[in-house]
Every structure is written in structure tokens, then in C-alpha cells.
Amino acid sequence: MNKISLYLFLPILLISVACGSYKKEAPETFVENIQSENSDETEIKEVVLPTERKVYRETRTILSDIIHTKLEVNFDWANSQMNGIAYITAKPHFYTSDSLILDAKGMEIKSVSLNGKDLKFNYLDDVLKISLDKLYKRTENYTVKIDYIAKPEDRKLSGSAAITSDKGLYFINPKGEKKDQMTQIWTQGESEVSSVWFPTIDAPATKTTQEIYITVDAKYTTLSNGKLISSKSNSNGTRTDYWKQTLPHSPYLFMMGVGEFKVVKDSYTRPDGTKMEVNYYVEPEWEKSAKAIFGETPAMIAHFSKLLGVEYPWDKYSQMVVREYVSGAMENTGAVIFGDFAYKNERELLDDNDQSTIAHELFHHWFGDLVTCESWSNLTLNESFANYSQYLWDEYRYGLDEAAYNAEEEAEGYFQSAQTDGYHDLVWFEYKEKEDMFDGHSYNKGGRILHMLRSYLGDDAFFKGINLYLTANKFKATEFTQLRLAFEEVSGEDLNWFFNQWYLGSAHPILDFKHYNNKEKSTVTISIEQNQNLELAPIFKLPIEIAVFDSEGKHIHKVVVDQLQESFEIPYKGTLNCVIIDNQQMLLAKIHESKSMDQYVFQYYNGGSFKARRDGFVEGSKGNSSPSEQLVIDALKDAFWNIRVLAIDRAAKLKAESKIKATEIINALALNDPNSQVRSKALLFLISSIEQTKLEALLLDRLEKDSSYLVASTALIAMGKVNSELALVHAKKLENEPVSKLLTGVGAIYGEFGSIDLYPFFERELVEKDRLKSFDQVGLVNSFTIFVTRQDLETFEKSVKVFEKLKHSGDAYTKMYLPQFTAYIQKIMSEKVGQLNTEVIQFEKNKNEIYANQARENIKRYEALNRQFEEIGVSPSEK
Ligand SMILES: [Zn+2]
352 MNKISLYLFL
362 PILLISVACG
372 SYKKEAPETF
382 VENIQSENSD
392 ETEIKEVVLP
402 TERKVYRETR
412 TILSDIIHTK
422 LEVNFDWANS
432 QMNGIAYITA
442 KPHFYTSDSL
452 ILDAKGMEIK
462 SVSLNGKDLK
472 FNYLDDVLKI
482 SLDKLYKRTE
492 NYTVKIDYIA
502 KPEDRKLSGS
512 AAITSDKGLY
522 FINPKGEKKD
532 QMTQIWTQGE
542 SEVSSVWFPT
552 IDAPATKTTQ
562 EIYITVDAKY
572 TTLSNGKLIS
582 SKSNSNGTRT
592 DYWKQTLPHS
602 PYLFMMGVGE
612 FKVVKDSYTR
622 PDGTKMEVNY
632 YVEPEWEKSA
642 KAIFGETPAM
652 IAHFSKLLGV
662 EYPWDKYSQM
672 VVREYVSGAM
682 ENTGAVIFGD
692 FAYKNERELL
702 DDNDQSTIAH
712 ELFHHWFGDL
722 VTCESWSNLT
732 LNESFANYSQ
742 YLWDEYRYGL
752 DEAAYNAEEE
762 AEGYFQSAQT
772 DGYHDLVWFE
782 YKEKEDMFDG
792 HSYNKGGRIL
802 HMLRSYLGDD
812 AFFKGINLYL
822 TANKFKATEF
832 TQLRLAFEEV
842 SGEDLNWFFN
852 QWYLGSAHPI
862 LDFKHYNNKE
872 KSTVTISIEQ
882 NQNLELAPIF
892 KLPIEIAVFD
902 SEGKHIHKVV
912 VDQLQESFEI
922 PYKGTLNCVI
932 IDNQQMLLAK
942 IHESKSMDQY
952 VFQYYNGGSF
962 KARRDGFVEG
972 SKGNSSPSEQ
982 LVIDALKDAF
992 WNIRVLAIDR
1002 AAKLKAESKI
1012 KATEIINALA
1022 LNDPNSQVRS
1032 KALLFLISSI
1042 EQTKLEALLL
1052 DRLEKDSSYL
1062 VASTALIAMG
1072 KVNSELALVH
1082 AKKLENEPVS
1092 KLLTGVGAIY
1102 GEFGSIDLYP
1112 FFERELVEKD
1122 RLKSFDQVGL
1132 VNSFTIFVTR
1142 QDLETFEKSV
1152 KVFEKLKHSG
1162 DAYTKMYLPQ
1172 FTAYIQKIMS
1182 EKVGQLNTEV
1192 IQFEKNKNEI
1202 YANQARENIK
1212 RYEALNRQFE
1222 EIGVSPSEK
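For the sequence shown, the numbering used here assigns the number 352 to the initial residue and increments by one for each residue that follows.
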């Protein structure tokens, strides 16, 4: 499962003018943009010592094996219920038994039978205990028939950050009341809620083959796991689709999707020349964009199959985009679901594509679907690989810099999530709720650990190791030990030291790195200290490479850091130019180092990898020496876009001549850089660097001609700073473009400069329509907040219902930042009350009772509003 970047670096927004922001970057023109406090100074918090033994989350004992699941279902749309008949073929796992215990959540069980004879059953607290007709041995299969009604709406919901609901089966707009929204049914089984729509042993270690007969009105398209075997029209205007998967998988991976979807067909050619269907299920208006969105899928299947040495194991690969989805995306075997964030037109895809998520869900088809974590404690066996696939795809498709850049974002996501929610072992047997496992540890940290292991073992051993893990455990469930054993068998090395510290340990190394140049001996002494909190984290064993740059070039020294304090003396020839610890830039660690400015400048030019270059640039460009200034000029031409973005940021601080030079380069970047973030950043730089008429012409040109919505939106916002009248005219023209990024740009202009007649725009985009994505919605809410606080009391009052709606159905970021917005509104209102109080005194003095009463009345209204905003600003009690 993927959670739409929940653990990516989150900027803290404050009220000011927003702009269309991209993915993980902080919105640019938030004037008081406070970065999260010391985000690169993650220190481990105080440890609270336990007062009682924690619960051990054991893997569920297997009493029975489910061998096959056959379902016949149809839907009661009016009541959002499903009528089902389940045929469960099972046998005792080992010990002879005369009962079968199934999970069946919130159902009505009508009857249970075996070979036509009714069986006794007991259905209590979501557990269906069936008394079989006799004792069965483990060699004897039996098939029970269960007639039931699934009632997902009657379920009490819990949910978590990763999965915002646990109904299992979802009816979207079932009565067609919302005109703009497609009527749909879809399922979401992870972690243990497939048992809302069919009785099963709802645990990841269960593996069953499946058949589903889905009966729907003829107008609907259906999707499920496996192959569509037949499609039969019934006399009553319905149709029954029969889907069958002959390879076993876990119940949480079962999927059904129903709606008037268009099926865009694509295909993957297997090495033996046979073709496999790769289909994209989208709403009709997205039919033409489906290949632009998902079109890399066949290339990904080919790449991953080859890399793993295990051919894609399933019948087909389909991806469906649904509405009101409760997670980011889900790896249902061969029938993946995406939330509607995936709907992007070709122009939007220039700024932001979802290949990381596509790769993530696809990679689960080996890690999760083929080999499954046996318990949620071992979830990282699914999610770390899916997370790491994003690196593997970027590396192959876009190069090492892009992969390393995203890896840094993932690491930052882990640091932040751990700081917020606490540290725990990667394989965690003591979690409170199983949903707690879907966090920055299982995903981000796990992914970075795999990368460290790859770096340590080398590509050959690493990929042979995971090939062995997959082939030895296919169609089974595993613990992390099986992963270790596979790597040990391939490499010949005892790897407990690695797995103990990273899988059974908490936190990460915090390293202090210093070096001293012993000029008389031509050696450099490198000292490394481990400073992590040892009540929580182990003393790590870290095999690393140290790169020493001298007059003869770069020399790599392999060392093992495994003490709290250690030093290594390394010889060099001629002049010592720079030392880089962790030459491969693979460690998941916080590294504090002190180097001279010259060394950082050297590191930028010679460090090679993205992180070494980035760190060299960030530190080396801090000074105002001429090498530092030259570094900024050169970094503007760096091959990697993110470093160009950083360089544009830094260019504002350049001195006269360097700044003229930089401005010329940035002017060219604004027009021609292949990356839209660079072009956008360049425009923002130019606001304060070129003269107004030239700037206006440039902004107009970009607004009309740039292929990227991000750049167009930035141009509009920049125009607001130069000529607000003109910006309002252009905003008005773009108001009806149904593109998330442009709408936030329009909102930013309206927010800061717009008059009351523009209120309906905000209401439309924030309440009626649902087309703002991710940061764009929170950006527009920010603009709306500014807009409201510039208007009269009636507007404040009107805005309450918008904020209330956002509190309940805004997206994750909006909900997260809502208290900041309401606090800002409250602050402005209390200023207004202050003014009114002064007015009251003034009116009383002048004996102007009517006006004084009016002002008092308004104060009351503001105070009432204040209470309402107070209420909205209180975040709903989390789990
Ligand atoms: Zn996942």
C-alpha cells in the first residue's frame, strides 16, 4: 500500500501568499515560511522506561488452511450491501478438527451448509465458528457454503493515517445523487478487512486461490484478480462476470471494482514472446490520458522481472483509478487501485508523474503478493521493497541523481515520522494497533536499509539474495529471518550483525566526523564518534568507504566503524584536498561534519554523487569568497535539476558582478530549462532582479507559452507582485481551467488582491468541486484564509461552513494545517474586536448610542465566530 507521500518532508506553512507548489518542496512565496525546526538535527528524544511488560504481537496460529475461495456476489445499491454466497474449501492445518473458524466482519449470516446439509454455527463479535459434520484429518478437504449479506455501512470504523477507513467494501455515490461523480464499488482489504465482504481467515499468512462471479447491471465494467473467464448476460438485464485466479494469494489482496469504467488496453511481452494484458481502468474523460499516466507500466514489469530474475508471476496487470479512495494506492494482486490523485492530463504530468507509486504497487507483486509478510510485525518485508522499487525505477529510468535525490527525501520522511511518532524496531512485535505498522519505519527506513545492504553486498550478491528469497518462499508467508538466511546463503557471510541492528534495533547512527591533517607525516586522521542515544539505539557496526582526495586524485579506503569513538590514520600524497566519509552516500544516519569552505567547494566539483555535490554546494556556497561565488554560478549549470534549484536560491545573495552574471543565466533558465521546477524558481528569482517592464513581458510570455502549469501558475503569482491589476485580469481568464495547479495560482491572486465578488470561486473549488490535489488544496485554503481576513464580517461568517467542510473531508495536508489557518483567522478577528472596542468607547463618548450598539452587536458576532473557529481548529482526537 502507498500513502501518498505521507512521510515525505513536510514544510510548515504560515499565512502569506501561496503559490502552486510541487510535491515535496515548500511553497515558495510563503513569506513567513518557517522550516520545521532543525530538520537536519534529528536527535533522539528522552526515553520513557517501561513500567510493564509490553504485549507481544504473535503471528496468528494456523488452525485451518483455506485452499480455495469461490464467491458469488451481487449488490443492493440502495442499501450499500452485498449479497454473497461463499464456498470455502479448507482443511485442518495439522491437528484433526471438527470446526472451522472464520473472520466475518459485520455480516448477516443466513446459513452455512456442507454437501447440502445445514451446519451449526455460532456468529459472535465478527467471528464465525462453524461446527463441521465430523472430525477432519489434515489430509481431508471439505467445502462449506455460506449464504450471507455484507453490510459495510453498519461497521464501526477505526482507521489510521495510512488507511483512513476500514469498511472493506465501498459504495461510492450508490444512488447517483451526486451528478458529477461516477457511481462505483471498490474494495480495500489491507490490513484485515476483506472479511467485511467475504468470510475468510483474514490474516496475511493465509493463501488461497479464488473465483468470483460478480453480477451487475449490464452497463457496468467489473474488475477482480486473475483472468476474466466469461461474461454472461442474464435475462433480467444484468450480466455475470466470472474472474478466476489459479495462483494462491492472501485475503487482503482480494479485489473487486465496479463502475462505468473505460478499459484502455496495453500489453507486456514476456521473454518467451507471449503477451500479457496490462489494462488501465479509468473514467471516460480520462481515457485519452490513461497511457500518459500509466504507459510506463510494461517497461517497469520488464525491468523488475529482469532485475529480480523472477518473471512477473501473475495472470495480468490492471490498474484502476477510483473516487474517495481511503489510501494512496493498493497492490491487490493483478488489480491495483489508485486514488484519483492519479488523474493527470499530459500537461500536468510534465510537472509531476506518479511513476513512483506505479512502481511501488507493481513491486509488491513480488514482495507482498508472491511472498507475504507472515504478520504485520514483519510488514517491512512488503513495504521496504515496494519503497525501494522507487529508487530502482528512478535509477534505471532517470539516472542516479534522481534516484539519490528521492532517496534523501525518503530518509527525511523517516526522520520526521520517527520524531513525531517515536522510534521502534523495524520488525516490531509490540505495536499498539496493526495500522501503526504502516509508518515511516516499515516503508522509508526499510527501503534505505535495503539500499545499505545492497551497497555492502554488491549488486550481484544483493539481487541473487533476493532472487533466492523469492524463489524459496513463493506463495508462502515469511518472517524477516528468511530474508537474512537468503542473503547469508548467497554471500556465505553471517549477517546477524546487520539484521540485529537494523531489523531488531531502533533508531539510526548519529555520527560526528572530524579530520586532522598531519602535514609533516602526510597523513590524515579521521575521527568518527557515534552519538545516538544508546538507551534506544545500538552501537552500530558500519562498514563504510572513506574517500581521500589528494594531488594524485581520489583514493577509497574501506573501514569498519563499530566503536563509540574511533579514528583512522590514512596517508595521502602531495596536498590533501578533501575527505568524504561514506563515499557511496548510502548510510541512513545523521552525519555532522566540519570541513573548511575550500573542502566543500572541492567536494561539489569532485564528489560525484548527488548528495556529495549537494552538501558541497550548500556548505561551500555559504561564504562570499570568489570560489564560493563561482560555485553558485557553476551550480546554476549543474546537470541535475535540484542543484540548479538550490543554486537559484543562493544566487540572491551574490555580490554585484556575480549577480549580474547569475541573473543572465537564470533568465535563460526561466525560458529554456528542461525542468519546470527550475523554470518556476527562476521566475521567482527574477521578480527582484530585472526591471519591471521586462519582467512583465517575461511573465506574460511564460503565462501564455510555458508548457508547464507549475510555471504558468508561478508566472501568475509573480505578476501579482508586479502588477496586481494585470494579475487579476489573467487569473479571471484561468478561473475555469480544471487544473489543480492553475487553480491554486488563481486562488493566490484572488486571496491577496481579489474583492468580495470572487468569493464563489473559493466556495466552488473548496466545497463543490473535488479537483485539487495534495499540496494544491492546502495552498488554496491558505489563499482563502487570506481572502476571508481581508473581507467583512458577513464573509467571516459565511466562511465557517467552508472550513467545517474541510475539517471533515479536506485532504490529509489540509486537515494537518487547518488549525494554523483557523488560528490566523481568530487572530485577525480578535484585532477587529479590539478596534470595535475602541470604537464603542468613541461612540459612547460622542453619545452615538445607535453606532455603539451596532459595534457591540458586531463584537458579539465576532465572539460567536471565534468559538466556532476554535471548535474547527481542534484536531479530531487521533486513534
Ligand atoms: Zn506499499
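Built from N, CA and C at the ideal position, the CB exists for glycine as well.
Cβ shell of residue i (< 6 Å), same chain only, five flanking positions each side left out
i: Y1253; result: In the structure displayed, the chain extends from 352 to 1230; residue 1253 sits before or after that span and is not available.
i: K1032; result: V996, I999
i: T1165; result: Q1128, V1129, V1132, L1157
i: S640; result: N696
i: K496; result: Y438, S464
i: L1093; result: Y1060, S1064, L1085
Local Cβ density within 10 Å of residue i, reported as buried at 16 or more and exposed below that
i: V983; result: buried
i: P401; result: exposed
i: L475; result: exposed
i: A837; result: buried
i: K941; result: buried
i: N683; result: buried
i: Q852; result: buried
i: N916; result: Residue 916 is actually Gln in this sequence, not Asn. Looking at its Cβ environment, which holds fewer than 16 other Cβ atoms inside 10 Å, Q916 is exposed.
i: A1002; result: buried
i: F445; result: exposed
i: Y499; result: buried
Check whether residue i and residue j have beta carbons under 8 Å apart
i: A769; j: Q741; result: no
i: G974; j: Q954; result: no
i: A653; j: Y631; result: no
i: V609; j: Q535; result: yes
i: V899; j: V930; result: yes
i: D553; j: D416; result: no
i: T723; j: P602; result: no
i: G457; j: P503; result: yes
i: D1057; j: R1030; result: yes
i: L1034; j: A1021; result: yes
i: Q1171; j: F1220; result: no
Any non-hydrogen atom of ligand 1 closer than 7 Å to residue i Cβ
i: N353; result: yes
i: A888; result: no
i: H711; result: yes
i: H715; result: yes
i: A1174; result: no
i: A737; result: yes
i: E682; result: yes
i: E734; result: yes
Pairwise C-alpha distance: residue j and residue i
i: Y593; j: I563; result: 6 Å
i: T648; j: M671; result: 13 Å
i: Y782; j: A858; result: 16 Å
i: I1038; j: K1072; result: 8 Å
i: R976; j: K1012; result: Checking the sequence, you will find Ser at residue 976 rather than Arg. Computed Cα separation, rounded: 16 Å.
i: S873; j: S947; result: 18 Å
i: Q1028; j: K892; result: 39 Å
i: A513; j: Y747; result: In this prediction, A513 has a pLDDT of 44, which is less than 50 and means its spatial position is unreliable; what the coordinates show is noted afterwards. Each residue's alpha carbon lies about 28 Å from the other.
i: N757; j: F961; result: 10 Å
i: M937; j: L730; result: 23 Å
i: G809; j: I895; result: 13 Å
i: S1160; j: G540; result: 22 Å
i: A762; j: H802; result: 11 Å
i: T1136; j: A680; result: 31 Å
i: V424; j: E712; result: 27 Å
i: D691; j: L451; result: 39 Å
i: A1066; j: L1054; result: 6 Å
Neighbourhood of residue i by C-beta, 7 Å cutoff - its chain only, sequence neighbours within 5 removed
i: K485; result: D449
i: L1187; result: A1206, N1209, I1210
i: E1195; result: A1203
Neighbourhood of residue i by C-beta distance below 8 Å, restricted to the same chain and skipping five residues each side
i: E1222; result: none
i: G588; result: D568, A569
Cutoff 8 Å: residue i Cβ touching any chain B Cβ
i: N425; result: Of the chains in the structure shown, none is chain B; there is only one protein chain.
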